[in-house]
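Please read the structure below before turning to the comments.
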Amino acid sequence: MKKKHTITLIPGDGIGPEVTDAAKKVIEAAGVDITWDIVEAGAKVMEEFSTPLPEYVLDSIKKNKIALKGPITTPVGSGFRSVNVALRQAFNLYANVRPIKTYEGIPTRYKDIDLIIVRENTEDLYAGIEHKIGDYAAESIKIITREASERIVDFAFQMAVKQSRKKVTAVHKANIMKYSDGLFLSCARKVAENYKDKEFEDMIVDAMSMKLVQTPEKYDVLVMPNLYGDILSDMAAGLVGGLGVAPGANIGKEISIFESIHGSAPDIAGKNIANPTAAILSGVMMLRYIGEFEAADRIDNAIRVVLKEGNKVTSDLGGSTGTKEFAEEVIKNL
Ligand code: NAI
Numbered sequence: 022m023k024k025k026h027t028i029t030l031i032p033g034d035g036i037g038p039e040v041t042d043a044a045k046k047v048i049e050a051a052g053v054d055i056t057w058d059i060v061e062a063g064a065k066v067m068e069e070f071s072t073p074l075p076e077y078v079l080d081s082i083k084k085n086k087i088a089l090k091g092p093i094t095t096p097v098g099s100g101f102r103s104v105n106v107a108l109r110q111a112f113n114l115y116a117n118v119r120p121i122k123t124y125e126g127i128p129t130r131y132k133d134i135d136l137i138i139v140r141e142n143t144e145d146l147y148a149g150i151e152h153k154i155g156d157y158a159a160e161s162i163k164i165i166t167r168e169a170s171e172r173i174v175d176f177a178f179q180m181a182v183k184q185s186r187k188k189v190t191a192v193h194k195a196n197i198m199k200y201s202d203g204l205f206l207s208c209a210r211k212v213a214e215n216y217k218d219k220e221f222e223d224m225i226v227d228a229m230s231m232k233l234v235q236t237p238e239k240y241d242v243l244v245m246p247n248l249y250g251d252i253l254s255d256m257a258a259g260l261v262g263g264l265g266v267a268p269g270a271n272i273g274k275e276i277s278i279f280e281s282i283h284g285s286a287p288d289i290a291g292k293n294i295a296n297p298t299a300a301i302l303s304g305v306m307m308l309r310y311i312g313e314f315e316a317a318d319r320i321d322n323a324i325r326v327v328l329k330e331g332n333k334v335t336s337d338l339g340g341s342t343g344t345k346e347f348a349e350e351v352i353k354n355l
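Those letters in the sequence shown? Residues 22 to 355, per this note's numbering, in order.
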């Protein structure tokens, strides 16, 4: 018998409504029985509710436990704090999982990349503890705890076990930040002791950046504190075709929110040109998470076919197909 699911859908700002609508249509076409609880958040509701994250959004996620989310704009330098960070902290979505994979047909100079960036999602410089010191300085506090560090490294190893991956690399800057990153590294080494059959190494974040550009195919699961994960995952997305194809998930103990790495891309919003691949693949991650493996595989394969054929892709990949038309092409290939 077909399972029934109720899932929160947050269309978000900018290109969010376009790419999440594409993902929703593809998931529905794959035959998964989902009732979508569609709730608006972000800059667009700010005026009406005086907050970008109204209570009804939190209530819907609390009730349904799973959400598919479009990007939400965060003003730079002033204004409200990131809704994305607020959601991750509110629901303790401690693991941000960002698979980086080459798909045949995508214009990139790399092949055979298949790695996962596991980013700690609740602390580090994203704890939001900062203050001005007069008008001549400002201070941001970087928090690294033993509990969160051990939890995220264990999550990375568990993922390596489940997906039969060989190696876990812990990324840090413990040579300079001896206490904070030093604690992260010592936690990583301790957790690695429990997984003797998995290869473990650690690497300083600057060296890691160079190695990811030179030999990305050598890496498997990478685990790191929040800020490095944010930066390296955008960079790694660039190795495999850009932000338009890079999906992601925020995983907690009870609640998980699936969303692309990319932001609201105001430069291309409302033009039906955004690439919905990242949003659709975030949907694929969500389907696997809720046990809909067959539909997930069908969508993944359909995307593979469309990208490989290459004549119906969006402009970021060198084509001229619209967001909606790309989704229709994926549906045709299901
Ligand atoms: P962005 O990811 O929105 O855009 C960066 C560049 O990539 C732009 O040139 C954009 O056109 C392109 N791009 C992004 N997604 C694409 C897609 N699906 N197809 C084709 N091209 C795509 O990053 P930006 O401009 O730094 O941020 C814009 C807003 O999004 C900011 O307010 C930022 O805070 C927010 N943001 C939200 C996130 C979230 O909701 N999880 C994540 C990252 C940024």
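A virtual CB, placed ideally from N, CA and C, is assigned to each residue, including glycine.
C-beta contact flag for residue 127 and residue 262 at 8 Å: Yes, Cβ-Cβ distance for residue 127 and residue 262 is below 8 Å.
Among 57, 163, 134 and 353, nearest to residue 27 - alpha-carbon criterion: When the alpha-carbon of residue 27 is set against those of 57, 163, 134 and 353, the nearest one is in 57.
Where residue 204 falls: helix, strand or coil (DSSP): Assigned with DSSP and collapsed to three states, residue 204 falls in helix.
Three or more C-beta pairs below 8 Å linking the segment 103–115 and the segment 271–282: Segment contact: the segment 103–115 against the segment 271–282, three or more CB-CB distances shorter than 8 Å; contact assigned.
Exercise answer, beta-carbon shell around the ligand NAI heavy atoms below 5 Å: Every residue passing the under-5 Å Cβ criterion appears here: 92, 93, 94, 95, 105, 264, 265, 283, 284, 285, 286, 288, 289, 295, 296 and 337.
Secondary structure, beta strand (DSSP E): runs of 3+ residues fully inside the segment 180–265: Correct list: 188–193, 220–225 and 242–245.
Identity of the residues DSSP links to residue 141 by a beta bridge: Answer is 116, bridged to residue 141.
Per DSSP, the bridge partner or partners of residue 56: Bridge pairing for residue 56: 27 [DSSP].
With 16 other Cβ atoms within 10 Å as the buried cut-off, status of residue 153: It is exposed - the Cβ of residue 153 has fewer than 16 other Cβ atoms within 10 Å.
Cβ shell of residue 296 (< 6 Å), same chain only, five flanking positions each side left out: Only 265, 335 and 337 meet the Cβ criterion.
Member of 70, 165, 180 and 120 whose CA lies at the smallest distance from the CA of residue 256: Residue nearest to residue 256 within the set 70, 165, 180 and 120 is 120 (criterion: CA-CA distance).
Where residue 279 sits in the DSSP three-state scheme: In the structure shown, residue 279 sits in a strand (DSSP, three-state: E or B).
Residue 141, buried or exposed, once every other Cβ within 10 Å from all chains shown has been counted against 16: Around the Cβ of residue 141, a 10 Å sphere holds 16 or more other Cβ atoms; the residue is buried.
Cβ-based burial, residue 362 [other Cβ within 10 Å; buried from 16]: Beyond the ends of the chain as shown, which are 22 and 355, falls residue 362; an answer cannot be given.
DSSP-derived helix/strand/coil call for residue 301: Residue 301 carries a helical assignment under DSSP once its states are collapsed to helix, strand and coil.
Cβ separation of residue 143 and residue 110, assumed to be a contact under 8 Å, to the nearest whole Å: A Cβ-Cβ separation of about 6 Å places residue 143 in contact with residue 110 under the 8 Å criterion.
The segment 22–36 contacting the segment 88–96, beta-carbon criterion three pairs below 8 Å: Between the segment 22–36 and the segment 88–96, the count of Cβ pairs shorter than 8 Å is three or higher; the stretches touch.
Contacts around residue 81, its chain only, beta-carbon distance under 8 Å, and the 5 residues preceding and following it disregarded: Counting only Cβ-Cβ distances below 8 Å, and skipping sequence neighbours, we find 29, 58, 60 and 88.
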